[in-house]
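Enquirer: Pasting in a structure now, in structure tokens, and then I'll have a few things to ask.
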Amino acid sequence: MNMGVNLAGISLKNPILTASGTFGSGEEYAQLMDLNKLGGVITKGVANVPWEGNPTPRIAEVYGGMLNAIGLQNPGIDVFVERDIPFLAKYDTRIVVNVCGRSESDYVEVAERLADQPVDLLEINISCPNVKEGGIAYGQNPHAAAEITKAIKAVAKQPVIMKLSPNVTDIAEMARAVEAAGADAVSLINTITGMKIDVRKRRFALANRTGGLSGPAIHPIAVRMVYEAAQAVRIPIVGLGGVMCAEDALELILAGATAVSVGTANFTNPRITEEITDGIREYMLEEGVEDIRELIGAVR
Amino acid sequence: MNMGVNLAGISLKNPILTASGTFGSGEEYAQLMDLNKLGGVITKGVANVPWEGNPTPRIAEVYGGMLNAIGLQNPGIDVFVERDIPFLAKYDTRIVVNVCGRSESDYVEVAERLADQPVDLLEINISCPNVKEGGIAYGQNPHAAAEITKAIKAVAKQPVIMKLSPNVTDIAEMARAVEAAGADAVSLINTITGMKIDVRKRRFALANRTGGLSGPAIHPIAVRMVYEAAQAVRIPIVGLGGVMCAEDALELILAGATAVSVGTANFTNPRITEEITDGIREYMLEEGVEDIRELIGAVR
Amino acid sequence: MTEKFYEDAIIIRQEEIATNIYSMWLHTEQIARLAKPGQFVTLYCRDGSRLLPRPISICEVDRGDCSIRLVYRIAGAGTAEFSRYHTGEQLRVMGPLGNGYPKKSRKALLLGGGIGIPPLLQLVKELNCEKQIVLGFRDECFLVEEFEACGKVYIATEDGSRGTKGNVLDVVTEKGLDAEIIYACGPMPMLRAVKQFAVQHGIQTWISLEERMACGVGACLGCVCKSTKKDAHTHVKNKRICTEGPVFRAREVDI
Amino acid sequence: MTEKFYEDAIIIRQEEIATNIYSMWLHTEQIARLAKPGQFVTLYCRDGSRLLPRPISICEVDRGDCSIRLVYRIAGAGTAEFSRYHTGEQLRVMGPLGNGYPKKSRKALLLGGGIGIPPLLQLVKELNCEKQIVLGFRDECFLVEEFEACGKVYIATEDGSRGTKGNVLDVVTEKGLDAEIIYACGPMPMLRAVKQFAVQHGIQTWISLEERMACGVGACLGCVCKSTKKDAHTHVKNKRICTEGPVFRAREVDI
């Protein structure tokens, strides 16, 4: 039985990845679960320089999900290259570096710094709802998304995954735009902009007012958008959004995802990624599926 | 203590309404709760002629919510005027008729038929994700939304509430477009397009493939969009989206909603609207709020 | 519209009567008093991630004891949650819902398949006529003794482990059963076959249908079935299974 | 990084020790063995609508019995859920998390306010020095007897119903307490006042902070506080309360 998939030319031992921002660079989870069992780790977003992120509260729980407004706090590419990449390189799993920036040159600088690094894929975050410049400004406009894609592709030595925002009218249009601009893959969905108000204090629950909604609450929206993107583009899709169990991951795969990122669920159970991979294996055995690739986009 | 609000010139005894499509025309719930305790009933959408709606399955449960793809089945305006309006007119509550159509002339015809009827407000559904023509085709394009608003305003004898879709990049732009076209109010959010796949049967859970996601899962998105719309327009806002309790309703009011519609929660408890109204009253007593209008848009 | 209530019921007892098939007796304030054979109730989950009430047919009614019996199969997380409840625990219930079976005093044939069998038990207890009961199972049987106390029972199993090998209609043919009225509940393929049989033999037939439901009271139009004539309420060729049904004259519906 | 485990714990007993304040003893496989004063655990809700684990400080540790005591206030639906659990029930726990208090053998002043009091109990039990304990409450007191068994206890209540009317620092001033080291946990306004007091008197002070958390292990960067110097891990002036904290040298953090 084969659980391996090919993501933009990179082979993954299984389709389960960790979603950016929920797993650090793996070190914090390393003693709670086995990183070697992951198809890959998608790191917390890294910029060309350190970012302080947003003020607190940065987190609010909501029904069936959570809001976050971290604001892409990160130590900058230098520390990341010195500390995080060598740590991850010790494990038998793929390294996908999530890249964030405030301007095209920020993104390009990070991609250039990573060119000679033992990194398998780049995931470009153009869909963070919690930063003013960069982030979602690129993610809600197909032309801007295409431009940033071209600029990064011009310097990147690894395959480039463009991470798309669900906060758009037409996700298929966004996917087509980055595909036409040379993206090797897309990942979707990033969080959906949400808000929580503390009715007793009569103020926003998050210092940033709005935050990104993640968790099972958004899963049906992720399945729909992965399906729409899969009908619109030929490049592979990394599906994510509220995956809590093997069935959720399989829904995204059947809708057209080649790989699946698990995010918020890591907070509910640090071993969830392994349980999801085991669950997919069981499903394949029970359903007589020889090769997981038979399932990719099998529901049309 | 005052719980009454003024919605586009119509006074409501309290801000709680029933969301269109979840409450029929009230008759089915009349023996389970007291319709007189509602600020108003927003009826199931009605068109100029009967609609058969979509094939089944039309319903799928998802984590913290549900998907529906009813497809606006309705008996048509003639039956509605003969049967549903007289039934509702017996109660001491406002009557808000939700209007749907496939073309501008469909909407206009219904608005004209209702002109001499004992109806307090019209809510125009330009955001149903489950019908091909009409519905969301108008709801995702500001120009189309403005055109249909003007056409209906030209014939409507009651204040017109335009019901907006959350499946857009910029909800504020949509709200401004219908305000400029003469809308007396907006209501948001309608359901978010979602999908569920049965992984064992490897097919879509809904015959329509996609359906509208409702329930507490979407509440934080509703709060954010109501807030964004409230910052963008002067006309009153009917807030809805996953309201399950008084706190949820208060969040929408504090974000800028003048009234709140309760939808999916009716399925979890047929008396939920009364419990929400009681909960708001308790909150006002505990917090020393004399007039609920003090709370509308109080968080900025 | 039928009188219905939304109330807290108390679990009198619950047991697994076959693999993943549970029998739950509930004490209710009002529902037992009103319940008729073929009607159903909806049960509400406690877990906040599951919002929609689960429709479950009424298997038996003890009006004196104000209690109803539900026999259900674990079909997902919601019914799995119910199966973990213990005696004395409360749960929210709404009902009785739907129309139920008409009770005619004619030579009756009751055809039940799988988890469609339970609603026929209260019916057979209340029917005052000659009763022939055919129960179809995949393999494991349940409720057979209760039915045998009410009339002649024939059994069909798909694997042939008990009674006739095959389905309920194979029994009807094999035993040459005839009737003036048929009451049926079971999976759609069985109901289609029963309708066809009824048409061929010109027998009045009542079947109970199921569909994904949301409100359970006729408001949301989620659980419709196709009807042969325009429905008086919807004014289109759709009938609400939760309200006009779940029991329909076979010829009324397009299945 | 401190060793931590994700395990199923069993509730030994639980009781309400003051209005909405619960004391829960948990039997754990590994956590009790490793737990240090000032560390915390996260508890996972069963209800699917609540996803995030709840951080709760460790009040007492019985390593021989492999058990830990948690004393928490009902602050929302999650803690309300925990308060309904009974002896013998299981719940998911992760821990021990965070750094905990350093144990110095110097004349100590322990300052606890409200629900910030519990983590000081295990600390006072393990400190081997002169201990002055000041506990501040709004009105209702709890855990006082346990602290009195470990050292001299002074009480402050906002309503003056017991001990000094006012807060913990009012007691320190009124009684003229002095110390070489201060350990404090409580609401932010109290901690700000304690930091100011410590700076004025040049006393080494350790405070325990709290913030909304998601992962609890330092991965998500949700629960940071502002630090006076650039942090060695984050390389910005943010420290992770769940990892570099929850206990900080008062001068390290900008509160």
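Chains as they are written, first to last, in the numbering used here: chain A, 1 to 300; chain B, 301 to 600; chain C, 601 to 855; chain D, 856 to 1110. Note that CB positions come from ideal geometry on N, CA and C, so glycine has one too. A quick note: this is a predicted structure, and the numbers were derived from the prediction, not measured.
(1) Which bits of chain F does B/Asn566 rub up against, with CB to CB less than 8 Å?
(2) Between D/Phe992 and D/Ala1004, is the Cβ-Cβ spacing less than 9 Å?
(3) For D/Arg961, which residues of its own chain have a beta-carbon under 7 Å away from its beta-carbon, when the five flanking residues on both sides are left out?
(4) Determine whether the Cβ of B/Tyr391 lies closer than 9 Å to any Cβ atom of chain C.
(5) Touch check for the region 56 to 74 of chain A and the region 292 to 299 of chain A: three-plus C-beta pairs under 8 Å?
(6) Applying a beta-carbon distance threshold of less than 8 Å, which residues of chain C neighbour D/Ser878?
(7) So what does C/Arg684 bridge to, in DSSP terms?
(8) So what does D/Pro910 bridge to, in DSSP terms?
(9) Tell me where the beta strand (DSSP E) around B/Val305 begins and ends.
(10) Terminal residues of the continuous beta strand (DSSP E) containing A/Gly256?
(11) Between D/Cys914 and chain A, is any beta-carbon pair separated by less than 9 Å?
(12) According to DSSP, what are the bridge partners of C/Ala618?
(13) Among the residues of its own chain, which have a CB less than 6 Å from the CB of A/Gly239, if the five just before and after it don't count?
(14) Leaving out the 5 sequence neighbours to the left and right, which residues in its chain are closer than 7 Å to D/His882 when beta-carbon positions are compared?
(15) Thinking just about the alpha-carbon of each residue, which of D/Ile1110, D/Ser878, D/Pro1101 is nearest to the one in D/Cys957?
(16) Could you name each continuous beta strand (DSSP E) segment of 3 residues or more that falls completely within the region 38 to 91 of chain A, going from the start of the chain to the end?
(17) Listed in chain order, which residues of the region 740 to 765 of chain C have Cβ atoms closer than 9 Å to some Cβ of chain D?
(18) Could you spell out the range, first to last residue, of the alpha helix (DSSP H) harbouring B/Glu582?
(19) Specify the secondary structure class of C/Gly716 as computed by DSSP and reduced to three states.
(20) Is the separation between the beta-carbon of D/Pro951 and that of D/Cys914 shorter than 9 Å?
(21) Mind checking if A/Asn6 is an interface residue toward chain B, Cβ cutoff 9 Å exclusive?
(22) Figure out for me which residue from D/Gln1055, D/Pro892, D/Gly931, D/His1088 has the closest Cα to the Cα of D/Gly955.
(23) Leaving out five residues on either side along the sequence, give the residues of the same chain with a beta carbon under 8 Å from the beta carbon of B/Leu312.
(24) Taking a Cβ distance cut-off of 8 Å, strictly less, list which residues of the region 545 to 557 of chain B are near chain A, in chain order.
(25) Tell me the residue span of the beta strand (DSSP E) that contains D/Ala1011.
(26) Determine which residues of the region 666 to 684 of chain C have a Cβ less than 8 Å from any Cβ of chain D, and write them out in chain order.
(27) Less than 9 Å between the C-beta atoms of A/Ala177 and A/Ala146, yes or no?
(28) With a threshold of 7 Å on Cβ separation, who are the neighbours of C/Asp662 within its own chain once the five nearest residues in sequence on each side are excluded?
(29) Using the three-state DSSP reduction, which class does B/Leu550 fall into: helix, strand or coil?
(30) Which residue wins for smallest C-alpha separation from C/Trp806, given the options C/Leu723, C/Gly816, C/Asp770?
(31) What do you reckon, are the CB atoms on C/Arg840 and C/Val824 nearer than 9 Å?
(32) Please state the DSSP three-state secondary structure of D/Leu1064.
(33) Using CA coordinates, which residue listed in D/Gly967, D/Val1054, D/Arg909, D/Met1068 is at the minimum distance from D/Thr934?
(34) The beta strand (DSSP E) with A/Lys153 in it runs from where to where?
(35) Taking the beta carbon of B/His519 as the centre, do at least 16 other beta carbons fall within 10 Å, making it buried, or is it exposed?
(36) How about the region 677 to 691 of chain C and the region 640 to 650 of chain C: do they share at least three Cβ pairs that are nearer than 8 Å?
Expert: Short version:
(1) This model lacks chain F altogether, as its protein chains are A, B, C and D.
(2) Within the fourth sequence, the letter at position 137 stands for residue 992 of chain D. Within the fourth sequence, the letter at position 149 stands for residue 1004 of chain D. In this structure, D/Phe992 keeps its C-beta atom at 9 Å or more from the C-beta atom of D/Ala1004.
(3) For the purposes of this step, residue 961 of chain D is taken as residue 106 along the fourth sequence, with counting starting at 1. Excluding residues up to 5 positions away in sequence, Cys984, Glu1035, Ile1036 lie with their Cβ nearer than 7 Å to the Cβ of D/Arg961 in the same chain.
(4) On the second sequence, residue 391 of chain B is found 91 positions in, with the first residue counted as 1. Interface annotation, B/Tyr391: not in contact with chain C, CB-CB separation never under 9 Å.
(5) Per the Cβ contact rule, the region 56 to 74 of chain A is not in contact with the region 292 to 299 of chain A (fewer than 3 Cβ pairs under 8 Å).
(6) Indexing the fourth sequence from 1 puts residue 878 of chain D at position 23. By Cβ distance, chain C contributes nothing, its closest Cβ being about 26 Å from D/Ser878, past 8 Å.
(7) In the third sequence, counting from the first residue as 1, residue 684 of chain C sits at position 84. Answer is none; C/Arg684 lacks a bridge partner.
(8) As a working note, residue 910 of chain D is residue 55 in the fourth sequence. In the DSSP assignment, D/Pro910 forms a beta bridge with D/Thr897.
(9) For the purposes of this step, residue 305 of chain B is identified with residue 5 of the second sequence, where counting begins at 1. Its beta strand (DSSP E) spans residues 305 to 307.
(10) As a working note, residue 256 of chain A is residue 256 in the first sequence. Segment: none, A/Gly256 is in no beta strand (DSSP E) and carries neither H nor E.
(11) Numbered from 1 along the fourth sequence, position 59 holds the residue referred to as residue 914 of chain D. Using a Cβ-Cβ cut-off of 9 Å, D/Cys914 does not count as an interface residue toward chain A, since no Cβ of chain A sits closer than that to its own.
(12) Position 18 of the third sequence, counting from 1, holds the residue named residue 618 of chain C. Answer is C/Ile621.
(13) On the first sequence, residue 239 of chain A is found 239 positions in, with the first residue counted as 1. Excluding residues within five positions, the ones whose Cβ falls inside 6 Å are Val226, Leu252, Ala257, Val260.
(14) Numbered from its first residue, the fourth sequence carries residue 882 of chain D at position 27. The beta carbon of D/His882 is closer than 7 Å to those of Ala864, Ile865, Ile867, Cys921, Ser922 in its chain, skipping five residues each way along the sequence.
(15) Numbered from 1 along the fourth sequence, position 102 holds the residue referred to as residue 957 of chain D. Per the sequence shown, residue 957 of chain D should be read as Pro rather than Cys. With respect to the C-alpha of D/Pro957, the residue from D/Ile1110, D/Ser878, D/Pro1101 having the closest C-alpha is D/Pro1101.
(16) DSSP runs (the beta strand (DSSP E)) wholly in the region 38 to 91 of chain A: 40 to 42, 59 to 62, 65 to 68.
(17) Here the close residues number zero.
(18) The sequence position of residue 582 of chain B within the second sequence is 282, counting from 1. Counted as a single uninterrupted DSSP element, the alpha helix (DSSP H) harbouring B/Glu582 occupies residues 572 to 587.
(19) Start at 1 with the first residue of the third sequence, and residue 716 of chain C comes out as number 116. Three-state result, C/Gly716: helix.
(20) Along the fourth sequence, one-based indexing puts residue 951 of chain D at 96. Along the fourth sequence, one-based indexing puts residue 914 of chain D at 59. For D/Pro951 and D/Cys914, no; Cβs fall outside 9 Å.
(21) As a first step, residue 6 of chain A must be located in the first sequence, where it is residue number 6. No, its Cβ sits nowhere closer than 9 Å to a Cβ of chain B.
(22) On the fourth sequence, position 100 is the one that residue 955 of chain D refers to. Ranking the options by Cα distance to D/Gly955, first place goes to D/Pro892.
(23) Residue numbering aside, residue 312 of chain B sits at position 12 when the second sequence is read from its first letter. Cβ within range, chain order: Gly304, Val305, Asn306, Gly339, Gly340, Arg394, Ala559.
(24) The region 545 to 557 of chain B vs chain A, Cβ under 8 Å: Glu547, Leu550, Glu551, Leu554, Ala555.
(25) For this step, residue 1011 of chain D is matched to residue 156 along the fourth sequence. Residue range 1007 to 1012 is occupied by the beta strand (DSSP E) that includes D/Ala1011.
(26) Residues of the region 666 to 684 of chain C with a C-beta atom less than 8 Å from some C-beta of chain D do not occur.
(27) Here the question's residue 177 of chain A lines up with position 177 in the first sequence. Here the question's residue 146 of chain A lines up with position 146 in the first sequence. For A/Ala177 and A/Ala146, yes; Cβs fall inside 9 Å.
(28) By one-based count along the third sequence, residue 662 of chain C stands at place 62. Excluding sequence neighbours, C/Asp662 sits near Ala632.
(29) The residue given as residue 550 of chain B occupies position 250 in the second sequence. Annotated three-state conformation of B/Leu550 is helix, per DSSP.
(30) Taking the first residue of the third sequence as 1, we reach residue 806 of chain C at position 206. Here the closest residue by C-alpha is C/Leu723.
(31) Within the third sequence, the letter at position 240 stands for residue 840 of chain C. Within the third sequence, the letter at position 224 stands for residue 824 of chain C. Closer than 9 Å, so yes.
(32) Reading the fourth sequence from its first residue, position 209 is the one you call residue 1064 of chain D. Note: D/Leu1064 maps to coil in three-state DSSP.
(33) Here residue 934 of chain D refers to the residue found at position 79 when the fourth sequence is read from its first residue. Here the closest residue by C-alpha is D/Arg909.
(34) The residue labelled residue 153 of chain A in the question sits at position 153 within the first sequence. Note, A/Lys153: premise wrong, no beta strand (DSSP E); alpha helix (DSSP H) at 142 to 153.
(35) For this step, residue 519 of chain B is matched to residue 219 along the second sequence. Of the other Cβ atoms in all chains shown, 16 or more fall within 10 Å of the Cβ of B/His519; this residue is therefore buried.
(36) Cβ pair count under 8 Å is three or more, so yes.
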